[in-house]
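2 protein chains.
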Amino acid sequence: MLTVTPVNEDTAPRLRLAIARIARQLRQNVDAPSDLSTTLVSALATIDRAGPLTLGELAAAERVQPPSMTRIVTKLEGRGLVSRSIDRDDRRVARVEITADGRRLLQRSRTQKTALLAQRLRTFTPEERAVLEAALPLLERLAEERR
Amino acid sequence: MLTVTPVNEDTAPRLRLAIARIARQLRQNVDAPSDLSTTLVSALATIDRAGPLTLGELAAAERVQPPSMTRIVTKLEGRGLVSRSIDRDDRRVARVEITADGRRLLQRSRTQKTALLAQRLRTFTPEERAVLEAALPLLERLAEERR
DNA sequence: TATTGTTATACTCTATAACTATA
DNA sequence: TATAGTTATAGAGTATAACAATA
């Protein structure tokens with residue numbers, strides 16, 4: 249017997265709405281630690297995660313045009329959160345790397361965001377938390393980038 | 249015996265990251281239907297959901313300053329997506345309401361976003377979908393606004 | 001006077017086009 | 001010539017301050 253397994257037609261819209269709202273709250277409540285905009289924090293996090301990157305690679309990763317990334321990096325550099333260095337073999341290329349200060353700032357930002365969510369999770373029963381934890385790997389699969 | 253029920257220390261950060269990423273993808277892939285920016289779509293959705301609202305209420309709901317909301321509403325009105333009307337009893341007050349065109353545009357936008365998510369859900373096994381659906385009410389609780 | 005909304009002005013983020021330096 | 005990055009310029013979104021209309 250062939251079993252067709254349709255997606256419950258309610259699931260996708262409800263999931264979409266819930267995710268959009270949670271993300272918005274996280275953003276509104278705790279973005280811009282030390283006055284850093286979302287843009288700057290996001291770029292900084294990418295530099296941290298993906299290691300030294302050229303400006304072009306960084307622009308692609310952040311889905312921003314190169315001139316925008318020039319400005320972003322200039323600001324981050326001005327605050328001492330990243331350092332820029334010129335490639336010795338090809339002097340057109342600039343590489344960007346996070347500094348210790350940059351890493352500390354990211355750490356603070358993450359802690360704040362996580363705290364908000366953790367606080368809400370504390371209002372859940374152990375059973376509820378177990379359900380959420382079971383779904384977590386699936387949410388992580390949904391989150392995987394694939395374009 | 250007292251049972252302390254600590255939140256698994258990994259859950260909050262993983263959930264935060266997964267949600268932020270899914271939300272970002274949904275935004276990047278399908279926001280701005282008919283060239284409308286996220287800002288405009290968000291305001292329009294609030295007007296739709298919460299019915300006729302004054303500019304001030306709307307500004308508060310969207311967490312924007314009144315002058316910003318004046319501009320947003322002016323743009324939406326220019327496109328025929330909302331209509332504005334002056335309160336008869338207190339003529340300082342302006343109320344904003346969604347139009348049929350506005351409702352149609354929102355509908356299209358939601359359909360697109362849901363489609364992307366539904367497509368990904370189709371790659372899940374029935375068991376996996378069941379796990380996700382079980383977690384959905386909990387995510388919805390997390391999404392509830394409480395400030 | 002107090003309140004609702006608007007106009008004036010400035011700053012951030014982003015883009016495209018034109019440019020510079022290097023290959 | 002082609003490529004990596006920058007500078008010039010413009011548009012959207014937002015904010016604060018000052019203002020107008022109404023209560």
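Protein chains in written order, with the numbering used here: chain E, 249 to 395; chain A, 249 to 395.
Beta carbons: idealized from backbone N, C-alpha and C, even for Gly.
Since the model is a prediction, treat every value here as computed from it, not as a measurement.
Please list the partners that residue i has in chain A, where partner means a Cβ-to-Cβ separation under 7 Å.
i: Val-379/E; result: Ala-382, Ala-383 and Leu-386
i: Glu-310/E; result: Within 7 Å Cβ-Cβ: nothing; Glu-310/E doesn't reach chain A, min ~11 Å.
i: Glu-376/E; result: Leu-386
i: Arg-356/E; result: The premise fails here: Arg-356/E is roughly 14 Å from chain A at the closest Cβ pair, so nothing lies under 7 Å.
Given residue i, which residues of its chain have a CB within under 7 Å of its CB, disregarding the five upstream and five downstream residues?
i: Ala-288/A; result: Strictly speaking, residue 288/A in this sequence is Leu, with Ala absent from that position. Correct list, in chain order: Ile-320, Lys-323 and Leu-324.
i: Arg-275/E; result: Thr-286
i: Leu-354/A; result: Leu-292, Ala-293 and Asp-296
i: Ala-266/A; result: none
i: Leu-384/E; result: none
In or out: residue i buried (at least 16 other Cβ within 10 Å) or exposed?
i: Gln-273/E; result: buried
i: Thr-362/A; result: buried
i: Ala-348/A; result: exposed
i: Ala-391/A; result: buried
i: Arg-352/A; result: exposed
i: Arg-356/E; result: exposed
i: Ala-378/A; result: exposed
i: Ala-260/A; result: buried
i: Arg-264/E; result: buried
i: Ala-298/E; result: exposed
What's the gap between the Cα of residue i and the Cα of residue j?
i: Ala-382/E; j: Ala-308/E; result: 33 Å
i: Arg-340/A; j: Arg-332/A; result: 13 Å
i: Leu-301/A; j: Ile-295/A; result: 7 Å
i: Gly-304/A; j: Ala-342/E; result: 47 Å
i: Pro-374/E; j: Asn-256/A; result: 10 Å
i: Val-312/E; j: Asp-335/A; result: 44 Å
i: Asp-258/E; j: Leu-369/A; result: 12 Å
i: Val-372/E; j: Ala-268/A; result: Per the sequence shown, the amino acid found at residue 372/E is Phe instead of Val. Roughly 21 Å separates the two Cα atoms.
i: Leu-387/E; j: Val-344/A; result: 37 Å
i: Glu-310/A; j: Ile-346/A; result: 16 Å
i: Ala-271/E; j: Arg-389/E; result: 17 Å
i: Leu-284/A; j: Leu-365/A; result: 21 Å
Can you find the residues in the same chain that come closer than 6 Å, C-beta to C-beta, to residue i, ignoring five residues on each side of it along the sequence?
i: Glu-350/A; result: This sequence places Gly at residue 350/A; Glu is not what is there. Same-chain partners within the cutoff: Leu-292, Leu-329 and Val-330.
Using a Cβ cut-off of 7 Å, pull out every chain E residue sitting near residue i, in sequence order please.
i: Arg-269/A; result: Ala-391
i: Lys-361/A; result: Arg-264
List, in chain order, every chain E residue whose beta-carbon is nearer than 9 Å to that of residue i.
i: Ala-411/A; result: What the structure shows of chain A is the stretch from 249 to 395, and residue 411/A is not part of that stretch, so it cannot be assessed.
Which chain A residues are close to residue i, counting only those with a beta carbon under 8 Å from its beta carbon?
i: Leu-274/E; result: Arg-264, Ile-267 and Ala-268
i: Arg-297/E; result: By Cβ distance, chain A contributes nothing, its closest Cβ being about 11 Å from Arg-297/E, past 8 Å.
Spatial neighbours of residue i within its chain, please: C-beta separation below 8 Å, excluding the five flanking residues on both sides.
i: Leu-380/A; result: Leu-369 and Phe-372
i: Thr-318/A; result: Leu-303
Next on the checklist: As an exercise, report each continuous alpha helix (DSSP H) stretch of at least 4 residues that is fully enclosed by the region 322 to 348 of chain E, in chain order.
Outcome noted: None, since the region 322 to 348 of chain E contains no complete alpha helix (DSSP H) of that length.
Item to check | alpha helix (DSSP H) segments (min. 4 residues) lying fully within the region 257 to 319 of chain A | outcome: The region 257 to 319 of chain A contains, as complete alpha helix (DSSP H) runs of 4+ residues, the segments 259 to 278, 286 to 298 and 303 to 310 (chain order).
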